[in-house]
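Each remark here refers to the structure printed beneath this line.
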Amino acid sequence: MMTLLILLLALALAGDVLLGVLLWRSGRAPAADQDALLRALQKAIEGETDLLADQLRATQAETARATQSAVRDLGTLLAQSQNQSGQAATARLEAIDRAGAARQKAANDALAAQLALLENRLKGLEDSNAARLDGMRGALVQGLNTIRTENNRKLDEIRGTVDEKLETTLQSRIQESFRTVSAQLEQVYKGLGEMQTLAADVGGLKKVLSGVKTRGILGEVQLGAILSELLAPGQYAENVATVPGSANRVEYAVKLPGQGGGTVWLPIDAKFPGDSYAKLLDARDTGDTAVIAAARKQLETTLRAEAKDIHDKYIEAPHTTAFGVLFLPFEGLYAEVVSAGWSEAIQRDYQISVAGPSTMAALLNALQMGFRTLAIQKRSGEVWQVLAAVKTEFEKFGAGLASMQRHLNQTGNDLEELIGARSRAITRKLEAVQQLDPGEAAGMFGLESPAPEPTAARLRRRGEPEIGK
Numbered sequence: 502m503m504t505l506l507i508l509l510l511a512l513a514l515a516g517d518v519l520l521g522v523l524l525w526r527s528g529r530a531p532a533a534d535q536d537a538l539l540r541a542l543q544k545a546i547e548g549e550t551d552l553l554a555d556q557l558r559a560t561q562a563e564t565a566r567a568t569q570s571a572v573r574d575l576g577t578l579l580a581q582s583q584n585q586s587g588q589a590a591t592a593r594l595e596a597i598d599r600a601g602a603a604r605q606k607a608a609n610d611a612l613a614a615q616l617a618l619l620e621n622r623l624k625g626l627e628d629s630n631a632a633r634l635d636g637m638r639g640a641l642v643q644g645l646n647t648i649r650t651e652n653n654r655k656l657d658e659i660r661g662t663v664d665e666k667l668e669t670t671l672q673s674r675i676q677e678s679f680r681t682v683s684a685q686l687e688q689v690y691k692g693l694g695e696m697q698t699l700a701a702d703v704g705g706l707k708k709v710l711s712g713v714k715t716r717g718i719l720g721e722v723q724l725g726a727i728l729s730e731l732l733a734p735g736q737y738a739e740n741v742a743t744v745p746g747s748a749n750r751v752e753y754a755v756k757l758p759g760q761g762g763g764t765v766w767l768p769i770d771a772k773f774p775g776d777s778y779a780k781l782l783d784a785r786d787t788g789d790t791a792v793i794a795a796a797r798k799q800l801e802t803t804l805r806a807e808a809k810d811i812h813d814k815y816i817e818a819p820h821t822t823a824f825g826v827l828f829l830p831f832e833g834l835y836a837e838v839v840s841a842g843w844s845e846a847i848q849r850d851y852q853i854s855v856a857g858p859s860t861m862a863a864l865l866n867a868l869q870m871g872f873r874t875l876a877i878q879k880r881s882g883e884v885w886q887v888l889a890a891v892k893t894e895f896e897k898f899g900a901g902l903a904s905m906q907r908h909l910n911q912t913g914n915d916l917e918e919l920i921g922a923r924s925r926a927i928t929r930k931l932e933a934v935q936q937l938d939p940g941e942a943a944g945m946f947g948l949e950s951p952a953p954e955p956t957a958a959r960l961r962r963r964g965e966p967e968i969g970k
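Residue numbers are given in our numbering: position 144 of the sequence shown equals residue 645, and the series is strictly consecutive.
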């Protein structure tokens with residue numbers, strides 16, 4: 502209704518507006534009439550608008566009343582419908598409850614019956630299992646008793662065997678241990694005996710080293726052993742008066758070739774300042790720097806005095822070399838001298854070379870090489886003479902070989918002529934002569950008869966057929 506009124510009002514307004522526009526465009530009426538027409542048109546529009554507004558308000562009020570009445574009717578209808586639906590749902594739920602209760606009761610009854618049946622079956626199974634367990638328990642106890650008895654018997658056997666083996670093994674091990682201990686005790690007794698012998702030897706050595714004379718003898722013996730090992734007896738001598746007309750004799754001197762076939766001696770004297778060296782070792786054990794320095798100074802003074810003594814007593818060129826050798830019998834003492842730089846100072850001041858056991862061997866090896874070089878130089882003339890004689894004889898030998906080769910070539914040619922042409926000519930001449938047996942030929946010439954030739958071979962040689970073929 503409301504929509505229809507709005508449409509009618511809109512159509513009326515549109516008609517008025519269209520009429521006014523047409524009149525205004527036509528331009529036939531005067532301006533005053535047009536204004537009046539517009540005003541009249543405006544009033545008409547306003548009147549229609551007001552009328553339309555009143556109608557709209559009335560229509561809205563009526564529509565609102567109708568809507569409220571419809572809503573009330575709808576609410577009443579919905580309430581009635583809900584009431585009826587609730588009653589129907591309640592009735593249905595009650596019917597469902599009654600059906601569910603009946604079904605639940607039937608299910609409970611069936612479940613109770615099944616539980617009773619299951620309980621009966623479980624009781625039967627329990628009784629059966631109890632009986633079976635009793636039987637199994639009895640069998641198990643009997644089996645365990647049997648196994649225990651068998652195990653005890655076997656354990657007794659094993660125990661007896663193990664005890665027997667352990668006793669045998671223990672006895673053998675004990676016997677072996679006793680033998681080992683006895684052998685070790687024997688070795689210990691031997692070692693104690695050797696230690697006692699060594700202690701006695703050390704005591705004797707200490708006694709030997711405690712005297713100045715015996716220490717000198719020790720160095721002299723060691724020097725003599727080195728010289729005898731590395732040099733031939735004719736290359737050195739003992740207790741030599743190296744200075745002519747002097748009664749001083751050096752312990753050892755090495756022979757060196759001099760000018761005019763003479764001999765030049767290299768004096769070697771063994772020295773062992775044991776007291777000074779022992780004091781130095783004791784001072785080092787104390788760790789006192791001043792004591793060590795004093796002991797080193799005393800040892801240096803002693804060595805310088807020994808070197809000066811060798812230089813003054815045993816060196817006089819040209820009968821001796823311009824230097825001598827001071828031999829120290831221990832490597833520790835020699836290492837001390839070298840590390841302190843005393844060997845260079847002694848060589849520079851007294852022309853004495855300090856040598857230990859190892860350096861003495863090297864020095865003697867160098868001298869031995871010098872001896873060999875001199876021997877080669879002395880015998881070089883003889884070697885050249887022998888080589889010249891060999892060269893002469895070899896030239897003669899070459900000429901003889903060439904002559905022999907010519908004779909051999911001539912003999913070969915003669916043999917070739919004799920064996921070749923002449924033997925073939927003789928063979929041709931003798932082809933008509935009948936050949937004798939080897940035995941007959943040997944008898945004719947007075948030679949030994951060869952072994953008789955087999956018949957078959959003889960026939961084959963003559964070209965005759967064998968018998969039976």
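Ideal placement from N, C-alpha and C gives every residue a C-beta, glycine not left out.
Computed from a predicted structure; not experimentally measured.
Taking 8 angstroms as the cut-off, the Cβ atoms of P858 and Q736 do not count as close. Q848 sits away from S840, with the two beta carbons spaced by 8 angstroms or more. Taking a 10 Å sphere around the C-beta of T743, we find 16 or more other C-beta atoms and assign the residue as buried.
Between P768 and Y815, the CB-CB gap stays under 8 angstroms. In summary, D770 is buried, with 16 or more beta-carbon neighbours lying within 10 Å of its beta-carbon over all protein chains present.
Exposed is the label assigned to Y690, since fewer than 16 other Cβ atoms lie within 10 Å of its Cβ. With 16 or more neighbouring CB atoms inside 10 Å of its own CB, S844 falls in the buried class. Between L804 and V838, the C-beta spacing is below 8 angstroms. For S854, the uninterrupted beta strand (DSSP E) segment begins and ends at 853-856.
Annotation: T821 is outside any beta strand (DSSP E) and is labelled neither H nor E by DSSP.
Cα atoms of K780 and F831: separation of roughly 16 angstroms, rounded to the nearest angstrom.
For G763, the closest C-alpha among the options Q911, T821, D783 is that of T821.
Annotation: the region 775-836 contains the following complete segments of the alpha helix (DSSP H) (minimum length 4 residues), in chain order: 775-787, 790-815. With 16 or more other CB atoms across the displayed protein chains lying within 10 angstroms of its CB, A808 is buried. For K756, the three-state secondary structure derived from DSSP is strand. For P768, the three-state secondary structure derived from DSSP is strand. Per DSSP, the continuous beta strand (DSSP E) segment holding N740 begins and ends at 737-741. Residue state for V751 is assigned as strand, using DSSP reduced to three classes.
Taking S747 as the centre and dropping the five residues before and after it, the same chain places no C-beta closer than 6 angstroms to its C-beta. Assignment of alpha helix (DSSP H) within the region 591-623, counting only whole runs of 4 or more residues, yields no such run.
For the 8 angstroms CB-CB criterion, Y753 and E739 form a contact.
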